[in-house]
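Protein chains in written order, with this note's numbering: chain A, 133 to 532; chain B, 133 to 532. Where a beta carbon is used, it is the ideal one built from N, C-alpha and C, also for glycine. Please read all numbers here as calculations on a predicted model, not as lab measurements.
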């Protein structure tokens, strides 16, 4: 149906007119709470008055921002597509691109991973879940799995997500590495900002990585997979907020996630939480090893695809190509992780883990430590071989 | 308008109903000759009965092959787009995607470059024209020139060209390197075909290049830029038949062209035409140096683009990045050239330059020489530095 604003007064009528939603609530009257800030989306928590555990979330893009409606289109498309490929996506009960509406599971007992990590919560399964999630979404949307036609079709479905790709190009790969009015106003980092703006070898790598981001269509990316896009508890893990989704280089999702783990590591360093830091490092290793194992397992089960026709590759060639592919993917991931770490220090959008450190001296130390790590990641990305290299590099690091 | 088959009896009425075409012929009665083979397209040569130099070509896709209509769509879109970017495209007088009709300049005194090269014709300006053509089409459709949105828009316009991309994936990058029923039946090359099918280092490179072809959207490619897609005489050069156009890696167009020059070099070798061979080698050098100079000149004139925001790069960084970019582009071009050379020996579509050699012994020699060169190109592509390296490599080559 065409767009109509949902409000606390008309939403019950709308929801009960949708067959699947009416069935979900079994015809009971509904309690409606508006819980969003209304900046980009209206968000409603809807609860059955007869069975308070029957709850769901209704998200609708606001009508007065074209970009909000566009975001919702790509969030709907990508979440629905991911849900066909793997677990770890909240149940989608209903969606309507024209209405800009997404109706999904309410994750009542889950927290944002960023908040949880700031509070030093241990999530025993998060790394495994996230490694599995990315192995499935990335492998199954790539030319290692799809036919050539299916791959073209996916590109076509997401190529219109121009605005958010441009945001990433500008705010991850560009502004933080130059003088730019959008950057964070952090006078205490001026010396580093100047150093980086003048660091030609570093910026050569950044241009190469930005060019990859803009010109390679490996797989359907979440596009913004930081710890604030993950909701979890000790048992289950869900990925949300995939409005940046597009067909891009696999390493971007992997690297963004690793970077946000690393920034939490840095933040806990200034608080002396070495045990939590240890958990983060082992999570990075578990994440990558789970990802790599699951990705290779999927590949072994799908040896013929758009890239490799039946009969093209001997088992030996396949193995060698897989090894080379995984190595390049790891390296690109580390390069992208470095960009994400640096842009979170200098750019408009910091991470609460570090910007939220109350003590200015400690915060600056964390910033400088993160900057040192981001630079090391980028300068070393073409030379790292495995996650042990990265763990060593992190352990050996300190504020520059 | 919707599709209607054009025939010698209704085409005059149709043409004179098109304002621009009626003006072109100044209302004169027309002479119609059907000159195509009707396999994929009907082709008509239309001449004014009052002024015999007023001529044009009408191409219409046949109605009984869906793929013919698709090809015409992408040929129309790409030729029209190229025509806005550079010279060397025949004048387009009219086009209609729904009618699958393209009406264009008749190149009366031009020959197919492949035929001309088989006849050892010297074209003094071809290399310069083709280098200029590719510099403009590739640069101006890339993230080095366009805005991010424009680049997305171009991808969207050509992502539907699935069938022809798949043809290239299959017949350039796959079947020729394995046992495949579509390959040419050339028992005298069986030993080499087996060697190549078992050559793991070579096939690792081929997989890498195929992956690039399928996953990188650098620029709008012609997609099939061999010497049979070029019409020329001693003075002017035109590129035609761009139905394979899509957003892909720049090196593919450059490499396809170089490969077809190299195969002509090989063919003239068996005839002992060393002087013509010398012209081909100098044409390869002129082609690349013209391309590189024109590409860099365009880049210097467009320093701010989707990849590089104003203020991001110092002149020194820009220069270093340009040097690295041009080197990688040259290397990928040589890799793609190697694939094109090999697939033309083993695959379904040979080149007349070599398959047309009457003497079986000489033909086999040429095949083997081409195979040796194709393998050298692929094995060396990540190590070559400039066109001199390639010229030396060609001069030092002989049948394997």
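- Look at the beta carbons and you see the region 291–299 of chain B touching the region 264–282 of chain A: at least three pairs across the two are nearer than 8 Å.
- Under the 8 Å criterion on CB atoms, residue 356(A) is classed as non-interfacial with respect to chain B.
- DSSP places residue 165(A) inside the beta strand (DSSP E), whose first and last residues are 162–166.
- Within its own chain, the residues whose Cβ lies closer than 7 Å to the Cβ of residue 222(B), once the five positions on either side in sequence are excluded, are 236, 237, 239, 370, 372, listed in chain order.
- Note that the region 322–339 of chain A touches the region 499–518 of chain A; at least 3 beta-carbon pairs, one per stretch, sit closer than 8 Å.
- In this structure, residue 175(A) sits near residue 191(A), with a CB-CB distance shorter than 8 Å.
- Closer than 8 Å at the C-beta level to chain A, one finds no residue of the region 195–206 of chain B.
- The CB of residue 275(B) comes closer than 8 Å to the CB of 343, 346, 347 in chain A, given here in chain order.
- The secondary-structure analysis by DSSP pairs residue 252(B) with nothing; it has no beta-bridge partner.
- Cα atoms of residue 479(B) and residue 232(B): separation of roughly 30 Å, rounded to the nearest angstrom.
- Between residue 456(B) and residue 306(A), the gap from beta carbon to beta carbon reaches 8 Å or more.
- Between residue 393(B) and residue 271(B), the C-beta spacing is not below 8 Å.
- With a threshold of 8 Å between beta carbons, residue 463(B) makes no contact with chain A.
- Judged by pairs of C-beta atoms under 8 Å, the region 512–522 of chain B touches the region 414–423 of chain B, as three or more such pairs exist.
- The region 468–488 of chain A and the region 304–321 of chain A touch, with three or more beta-carbon pairs separated by less than 8 Å.
- Under the DSSP assignment, residue 173(A) falls in the beta strand (DSSP E) whose first and last residues are 173–180.
- Contacts with chain B (Cβ-Cβ distance below 8 Å) from the region 298–322 of chain A involve 298, 301, 302, 306, 307, 309, 310, 311, 312, listed in chain order.
- Listed along chain B, no residue sits closer than 9 Å to residue 496(A) by beta-carbon distance, the nearest being about 26 Å off.
- With contacts defined as CB atoms closer than 8 Å, residue 398(B) and residue 466(B) fail to qualify as a contacting pair.
- Selection 502(A), 449(A), 500(A), 415(A) evaluated against residue 259(A) yields 415(A) as nearest (Cα-Cα).
- Put simply, the CB of residue 291(A) is near chain B, with a gap under 8 Å to one of its CB atoms.
- The contact set of residue 281(B) on chain A, defined by CB atoms closer than 8 Å, consists of 294, 298 in chain order.
- For residue 444(A), the chain B residues whose Cβ falls inside 8 Å of its Cβ are 306, 309, 310, 335, in order along the chain.
- At least one beta carbon of chain A lies nearer than 8 Å to the beta carbon of residue 448(B).
- At a beta-carbon threshold of 8 Å, the residues of chain A lying near residue 332(B) are 446, 448, 449, 452, ordered along the chain.
- Residues of chain A with a Cβ closer than 7 Å to the Cβ of residue 515(B) do not exist, since the nearest Cβ in that chain sits about 17 Å away.
- Straight through space, the alpha carbons of residue 137(A) and residue 250(A) are spaced by roughly 36 Å.
- DSSP lists 371(A) as the bridge partner or partners of residue 362(A).
- Annotation for residue 146(A): 138 place their beta carbon closer than 7 Å to its own, counting only its chain and skipping 5 residues before and after.
- One Cα belongs to residue 208(A), the other to residue 215(A), and the distance between them is close to 11 Å.
- Counting the other Cβ atoms within 10 Å of the Cβ of residue 342(A) gives 16 or more, which makes it buried.
- Under DSSP, residue 187(B) shares a beta bridge with 179(B).
- Here residue 414(A) carries a helix assignment [DSSP, helix/strand/coil].
- If you draw a straight line from the Cα of residue 329(B) to the Cα of residue 447(A), it comes to about 13 Å.
- Setting aside the 5 residues that flank it on each side, residue 203(B) is surrounded in the same chain by 172, 193, 296, 375, each with a C-beta closer than 7 Å to its C-beta; the list follows chain order.
- Residues of the same chain with a CB within less than 7 Å of the CB of residue 154(B), apart from the 5 flanking positions on each side, are 148 in chain order.
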